[in-house]
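Chains as they are written, first to last, in our numbering: chain A, 1 to 331; chain B, 1001 to 1347. The beta carbon of each residue, even a glycine, is placed where N, CA and C say it ideally should be. What follows is a short report on a single structure.
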């Protein structure tokens, strides 16, 4: 059984003029212990997907359809109080900016102990020992002394380690990590990604890793979902999606990343920009930018369908298996 | 009037062939970050100086791109601001077409020199005035430098500039909020090009953009360089982008250039341990699931840098000499590198 199941999720933002659909009919699953990457450009809806799962959608945004199941139990319709018990205990969260996820007025030990005691039946002494152990697990040197320090006394990379320790405090089954390394320098990024991967494996937690960095996805995830304009464009095993993309958007995205291994005079670019929510084209949302567009794309919206080793929302894969232009071939 | 143009015109052909367009010599910038006077007196706190950039020397030939890479706080943006004259250097000087640019900036020719050196900033949201129309944003440098005799002429130039960065001339009546991030960055580029500069300082021009949009902006920058013979100083923390755009690369660490080499040489044979570390830290796209050996440690506090080579606490090759003696940037097989281990042949 899958750990998390998202079925036909729709998230809407009512505005004065119209109701904007930010997530439109999204379905995916995460298996226990799996690392699922969610990648896309700004505004694709990847953070909203994460926020819906942890129940932290900012009003007026609301889940307007579909359901989210954690271990077979619906969590999208829970009341605020019930959701608080799940958040932290079953789903941990890591956000982009470690400085805003920590309270500057409390020592990190107090924040860790509070989280541990909220969810686990431990006394103060046991909770503190557990907190020190978590800090050691996440690679904080001299954890016994550092536990009484305040967030401002830590560097950016160290703070993100503390946030990971906090997310793991109650042994959740799922960690939602929203751009956990974006605010960090490259050399620190590698450390944090390695750490996240290791501790989640050791603690048996599945991870939903939201990022715009394809490189991070490539080396961390088992599967990846590529999002575009509030929908999943393609989902599948990470090496298949990267090396044999089935959706023209994935192919274009991959080709536009400057590569360390090969050199090109010009980068492959996808002309245009992602549509705004109030102007999503009919049919496939990618059709105005797609190099392989044909009539059906402009009128009928594709759902995810089998496309070789992955699943892609693209009419090219509807009947006979069509060939997607290789990245860079067009340039 | 003694302008840069009239000075070089006579000898231009002879000088331009050999001399680099841009040359920095021992450029240094120190910021005074001392506590207020009262605290110093009452609490006996000492003065504190932050050496943001120290001994930066490099040169760029006309039509070439030098990239500066490094992590936050390494001083790369300070170098950018020194080159466009937003900061006065504490020591050292910067020569543009063989004239001391900061002396010119201070004198009567400064206004004229600014035409030739323009800057593109990182954040396309913060660097455009939200209350101005695009036409006014791009025309401002034209009016400021008296490069348009009439309103109509200015507007004609604005239309041309917008087209040269892939936007429509009709976009001039819009406001910045009506554009996406990538389009805004193109407006910044159009504004920087308005005075027909020769040298563009680009401070992380694509860091705030999505990858597909980043590709559009990088392609436009390369096209413009080819068409107009522009010279770029390109500042970035993304080595993959740097590899795509640059001719030579300078790697900075805690205010100093630790390696300066032609692009191919740097990526094929990185010499300095920090350069190797940065290259190792990049996730490899087509090598999924490969575990990297992450580098230990973080960038130290620049207020209190380590003695000797500032990289020694994180360096796997450090020895006693590295802890005590600061390595100078040395010529070494066509590249420049500041490392005792490389000099001694230990790595």
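Excluding residues up to 5 positions away in sequence, 29, 31 lie with their Cβ nearer than 6 Å to the Cβ of residue 2(A) in the same chain. Excluding the 5 residues flanking it on each side, residue 1104(B) has same chain C-beta neighbours closer than 6 Å at 1110, 1113, in chain order. Distance from the CA of residue 65(A) to the CA of residue 99(A), rounded to the nearest whole angstrom, comes to 34 Å.
By alpha-carbon distance to residue 179(A), the top candidate from 101(A), 305(A), 108(A) is 101(A). Between the alpha carbons of residue 1029(B) and residue 195(A) lies a distance of about 37 Å. Residues of the stretch 207-236 of chain A with a Cβ closer than 9 Å to any Cβ of chain B, in chain order: 212, 213, 214, 215, 216, 217, 218, 219, 220, 221, 222. In this structure, DSSP gives residue 1313(B) a helical state, which the three-state scheme calls helix.
Residue contact with chain A for residue 1182(B): present (Cβ-Cβ distance below 8 Å to some residue of chain A). For secondary structure counted as the beta strand (DSSP E) over 3 or more consecutive residues, the stretch 1115-1201 of chain B holds these complete runs in sequence order: 1117-1120.
The beta carbons of residue 288(A) and residue 281(A) sit closer together than 8 Å. Contact with chain A is absent for residue 1176(B), since none of that chain's Cβ atoms lies less than 8 Å from the residue's Cβ.
For the options 144(A), 249(A), 108(A), 24(A), the alpha carbon positioned closest to that of residue 166(A) is the one of 108(A).
Between residue 137(A) and the set 46(A), 171(A), 40(A), 153(A), the nearest pair of CA atoms involves 171(A).
Proximity of chain B to residue 258(A) at the Cβ level (cut-off 7 Å) is accounted for by 1240, 1241, 1243, 1244, in chain order. Contact between residue 1056(B) and residue 1138(B) does not hold, since their C-beta atoms are separated by about 32 Å, which reaches or exceeds 8 Å. Beyond the five residues adjoining it in sequence on each side, residue 67(A) comes within less than 6 Å, by CB distance, of 7, 74, 76 in the same chain, given in chain order.
Not flagged as an interface residue toward chain B: residue 113(A), since no C-beta distance is shorter than 8 Å. The beta carbon of residue 316(A) sits no closer than 8 Å to any beta carbon of chain B.
Taking C-beta separations shorter than 6 Å and ignoring five residues to either side along the sequence, the partners of residue 36(A) in its chain run 30, 208, 223, following chain order. The C-beta distance from residue 1235(B) to residue 1186(B) rounds to 19 Å, too long to meet the 8 Å contact threshold.
Counting along the chain, no alpha helix (DSSP H) covers residue 4(A); the unbroken beta strand (DSSP E) around it starts and ends at 4-14. Taking a contact to require three or more Cβ pairs closer than 8 Å, the stretch 1061-1075 of chain B and the stretch 1240-1259 of chain B qualify as touching. With contacts defined by Cβ atoms closer than 8 Å, residue 1167(B) and residue 1155(B) do not form a contacting pair. Neighbours of residue 1219(B) in chain A, taken as residues at a C-beta separation under 8 Å, are given in chain order as 266, 267, 269. Residue pairing of residue 193(A) in beta bridges, as defined by DSSP: absent, with no partner found.
Residue 1314(B) and residue 1175(B) have their C-alpha atoms roughly 48 Å apart.
Residue pairing by DSSP leaves residue 132(A) without any beta bridge partner. In terms of CA proximity to residue 1046(B), 1034(B) leads the group 1034(B), 1038(B), 1054(B). In this chain, the alpha helix (DSSP H) harbouring residue 214(A) covers 214-220. The beta-carbon of residue 27(A) is placed no less than 8 Å from the nearest beta-carbon of chain B. Ranked by Cα distance from residue 1162(B), the options 1327(B), 1136(B), 1123(B) are led by 1136(B). Restricting attention to 11(A), 128(A), 245(A), the CA atom closest to the CA of residue 310(A) is found in 245(A). Put simply, the backbone Cα of residue 1081(B) is about 25 Å away from that of residue 1266(B).
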